[in-house]
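Trainee: All the letters of the sequence shown, read from the start, carry residue numbers 1 to 150 under UniProt numbering.
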Amino acid sequence: MRNFDMSPLYRATVGFDQIADLMDRVLTNDVSRDSYPPYNIEKTDEDAWRISVAVAGFTEDELSVELRDKALFVSAKKANEEERTYLHRGIATRAFERRFHLADHVRVSGAVHENGMLHIDLLREVPEALKPRRIEIAGKNDVEAKAIEA
1 MRNFDMSPLY RATVGFDQIA DLMDRVLTND VSRDSYPPYN IEKTDEDAWR ISVAVAGFTE
61 DELSVELRDK ALFVSAKKAN EEERTYLHRG IATRAFERRF HLADHVRVSG AVHENGMLHI
121 DLLREVPEAL KPRRIEIAGK NDVEAKAIEA
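1. Just tell me which of Phe100, Leu123, Pro37, Pro127 has its CA closest to the CA of Asp45.
2. Assuming Lys70 contacts His101 under a Cβ cut-off of 8 Å, what Cβ separation, rounded to an integer in Å, is found between them?
3. Given a cut-off of 8 Å on the beta-carbon distance, is the pair Phe73 and Glu66 in contact?
4. Between the Cα of Ser64 and the Cα atoms of Glu128, Ala111, Gly139, Arg134, which residue gives the shortest distance?
5. Have a look at Thr85, Phe58, Thr59, Pro38 and flag the residue whose alpha-carbon is nearest the alpha-carbon of Ile51.
6. Under three-state DSSP, which class holds Ala71?
7. For Ala76, is the classification buried or exposed, using 16 other Cβ atoms within 10 angstroms of its Cβ as the cut-off for buried?
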């Protein structure tokens with residue numbers, strides 16, 4: 001059992017509660033958790049990513065991609081599985097749900113299903129109000145000149 005004291009984090013920061021939540025989620029993650037289906041996360045640009053999930057055996061109608069509470073949920077469920085007798089079954093088509101937590105201002109820009117892979121494109125769009133901006137610094141002479149003009 002792991003116990004971490006987060007109080008130093010709270011004493012030195014303001015508004016970073018998400019970091020503590022993220023650390024809690026990562027540290028309490030079950031190690032024996034199923035790794036099905038396999039997936040990749042790749043960085044395609046400075047503010048863009050692609051999640052690729054191996055979904056062999058599923059059709060577009062059996063796949064679902066949802067965005068809820070800053071989390072991306074990818075799930076699949078086979079419509080109606082025919083009763084078959086397999087000599088070897090290496091392609092798993094069991095139902096799954098995979099969750100990806102997204103950072104602020106990251107949105108899903110599209111999803112495509114091709115060649116047994118589900119590709120989900122993500123893009124970070126920071127609002128203008130949150131982008132850095134330069135503040136002009138007025139000198140003493142500028143303030144006096146404006147006062148004389150007025």
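The beta carbon of each residue, even a glycine, is placed where N, CA and C say it ideally should be. Every value quoted in this text rests on a predicted model; they were computed, and no experiment measured them.
Mentor: Taking the geometry as given:
1. Leu123
2. Confirmed, about 6 Å.
3. yes
4. Ala111
5. Ile51 has its Cα closest to that of Pro38, out of Thr85, Phe58, Thr59, Pro38.
6. strand
7. It counts as buried.
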